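K.L.:
One structure coming up, written as structure tokens, with questions to follow.
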DNA sequence: AAAAAATAGTTGTATAATACAATCATATAC
DNA sequence: GTATATGATTGTATTATACAACTATTTTTT
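See the structure below:
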């Protein structure tokens, strides 16, 4: 039972990752990239932060955050607030347009997931969300 | 409750995909690419098949399967069986070396997942696997 | 105070996994 | 026999990421 569950999880995770990252099943929604979505969302929910801090939270290279931020800024979704204490640094803050776009993107995703889970019992949706969260917290 | 679960699922899926596809958390194990793993595994479990069939099953472009197959063949994990009825086609079959490598890769992954889930109750592991499988089946 | 070292962020380059387009050889339809 | 379709491969591009190199600024050391 124990090994069987692990094997199922291992296989289904592989399939999930593959499916979710496939371009044909993960077409861009609106003007937001999938990659930059979490960045914008983080800033919206926890407030402005610098490139280094964000890279640390996401466990991504600073260059990746820098590029995502630049792209979002170019689109008008983020703006920079110079750090008054450090001439090299700034914090990234979301714009009103960014907030709107974020909500749109998020809604579109929710609609999609809602459709996928329309036949699920409420309890299973709840448990799935909780287990996903728990699983994500095992990543260090 | 309903919308809350959807939002949690939506967010946690985003995080999971990001974490799982990040290079730093998904370093290659052995000589098998993550991408080609499912291909090799499919052939091992269901038998030889052609490029077109496999592309259809995986909902990937034939060029992607073709490239993955070529890479696996180059490594000695797959070999080609010409289709006696069609001079253009062949089926891909796994080699003994491929089988061994597949099992090694799979074991390495299982060890990793086992470590991640070491504090989980058995029941949750079981449910997680089942819900993942169920979720994967909603992708069309 | 000046020099050396560290650091915040950007840019260059490369990698991995994928798709669309173009091509070639073979098979099928007319 | 000719035209069309098809299985697979190759060319090119895209996306998201990391490592390396760089610049300007800050901090530490001398």
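Residue numbers (the UniProt record's numbering), protein chains in the order written: chain S, 1 to 140; chain Y, 1 to 140. We put the CB at the ideal spot given by N, CA and C, even for glycine. Everything numeric in this text was worked out from a predicted model, so none of it was measured.
1. Please list the partners that residue 103 of chain S has in chain Y, where partner means a Cβ-to-Cβ separation under 8 Å.
2. Whose Cβ in chain S lies nearer than 9 Å to the Cβ of residue 100 of chain Y?
3. Along the chain, where does the alpha helix (DSSP H) containing residue 37 of chain S start, and where does it finish?
4. For a contact defined as C-beta to C-beta under 9 Å, what are the partners of residue 16 of chain Y on chain S?
5. In chain S, which residues lie less than 9 Å from residue 52 of chain Y when you measure between Cβ atoms?
6. Apart from the five residues on each side of it in sequence, which residues of its chain come closer than 7 Å, Cβ to Cβ, to residue 44 of chain S?
7. Would DSSP call residue 89 of chain Y helix, strand or coil?
8. Kindly indicate if chain Y contains any beta-carbon less than 9 Å away from that of residue 129 of chain S.
9. Counting along the chain, where does the alpha helix (DSSP H) carrying residue 97 of chain Y start and finish?
10. Hey, how far is the Cα of residue 122 of chain Y from the Cα of residue 6 of chain S?
11. Would the segment 4-19 of chain S and the segment 67-82 of chain S be scored as touching if the rule is three or more Cβ pairs under 8 Å?
12. Can you give the beta carbon distance from residue 125 of chain Y to residue 139 of chain S, rounded, assuming they're within the 8 Å contact cut?
13. Closer than 9 Å, Cβ to Cβ, to anything on chain S: give me those residues from the segment 33-44 of chain Y, in chain order.
14. Between residue 90 of chain S and the rest of its own chain, which residues show a CB-CB distance below 7 Å, the 5 nearest in sequence each way excluded?
15. How far does the beta strand (DSSP E) with residue 78 of chain Y in it extend, from its first residue to its last?
16. What separation, rounded to the nearest whole angstrom, lies between the Cα atoms of residue 39 of chain Y and residue 70 of chain Y?
17. Check for me: the alpha helix (DSSP H) holding residue 64 of chain S runs from which residue to which?
18. Comparing alpha-carbon positions, which option in S:2, S:113, S:9 lies nearest residue 129 of chain Y?
19. Here's a check: name, in chain order, each residue in its chain whose Cβ is nearer than 7 Å to the Cβ of residue 97 of chain S, leaving out the five neighbours to either side.
20. If I measure Cβ to Cβ from residue 52 of chain S and keep anything under 7 Å in the same chain, skipping five residues before and after, which residues do I get?
21. Which residues mark the beginning and the end of the alpha helix (DSSP H) in which residue 130 of chain Y is found?
22. Counting only beta-carbon separations shorter than 9 Å, does residue 117 of chain S have a partner in chain Y?
23. Please report the residue range of the alpha helix (DSSP H) in which residue 139 of chain S lies.
24. Kindly list the residues whose CB is nearer than 6 Å to the CB of residue 55 of chain Y, restricted to its own chain and excluding five residues on each side of it in sequence; keep chain order.
25. Taking the alpha helix (DSSP H) that residue 56 of chain S falls in, what are its first and last residues?
P.N.:
Per the coordinate set shown:
1. By Cβ distance, chain Y contributes nothing, its closest Cβ being about 12 Å from residue 103 of chain S, past 8 Å.
2. Here the premise fails: no neighbours, minimum Cβ distance about 18 Å.
3. Segment 34-46, the alpha helix (DSSP H) holding residue 37 of chain S.
4. Within chain S, the C-beta atoms nearer than 9 Å to that of residue 16 of chain Y come from 13, 16, 17, 20, 132, 135, 136, 139, in chain order.
5. The premise fails here: residue 52 of chain Y is roughly 16 Å from chain S at the closest Cβ pair, so nothing lies under 9 Å.
6. Excluding residues within five positions, the ones whose Cβ falls inside 7 Å are 94, 99, 102.
7. Coil at residue 89 of chain Y, not helix or strand.
8. It does: the Cβ of residue 129 of chain S has a partner Cβ on chain Y nearer than 9 Å.
9. Residue 97 of chain Y -> alpha helix (DSSP H) spans 96-116.
10. In a straight line, the C-alpha of residue 122 of chain Y is about 10 Å away from that of residue 6 of chain S.
11. No contact exists between the segment 4-19 of chain S and the segment 67-82 of chain S.
12. The Cβ separation is near 17 Å, so there is no contact.
13. Legend: CB atoms of the segment 33-44 of chain Y lying less than 9 Å from CB atoms of chain S belong to residues 34, 35, 37, 38, 41.
14. Result list for residue 90 of chain S: 50, 80, 81, 82, 83, in chain order.
15. Run containing residue 78 of chain Y: 78-82, per the beta strand (DSSP E) assignment.
16. Each residue's Cα considered, the two are about 12 Å apart.
17. Where residue 64 of chain S is concerned, the enclosing alpha helix (DSSP H) stretches over 62-74.
18. Cα-wise, what sits closest to residue 129 of chain Y is S:9.
19. So the list reads 76, 77, once near-sequence residues are dropped.
20. Cβ neighbours of residue 52 of chain S beyond the five flanking positions: 62.
21. Per DSSP, residue 130 of chain Y is one residue of the alpha helix (DSSP H) stretching across 122-136.
22. True, the Cβ-Cβ gap to chain Y drops below 9 Å.
23. In the DSSP assignment, residue 139 of chain S falls outside any alpha helix (DSSP H), carrying neither H nor E.
24. If we look at residue 55 of chain Y and ignore the five residues flanking it on each side, its Cβ neighbours are 62, 65.
25. Here the alpha helix (DSSP H) through residue 56 of chain S covers 51-58.
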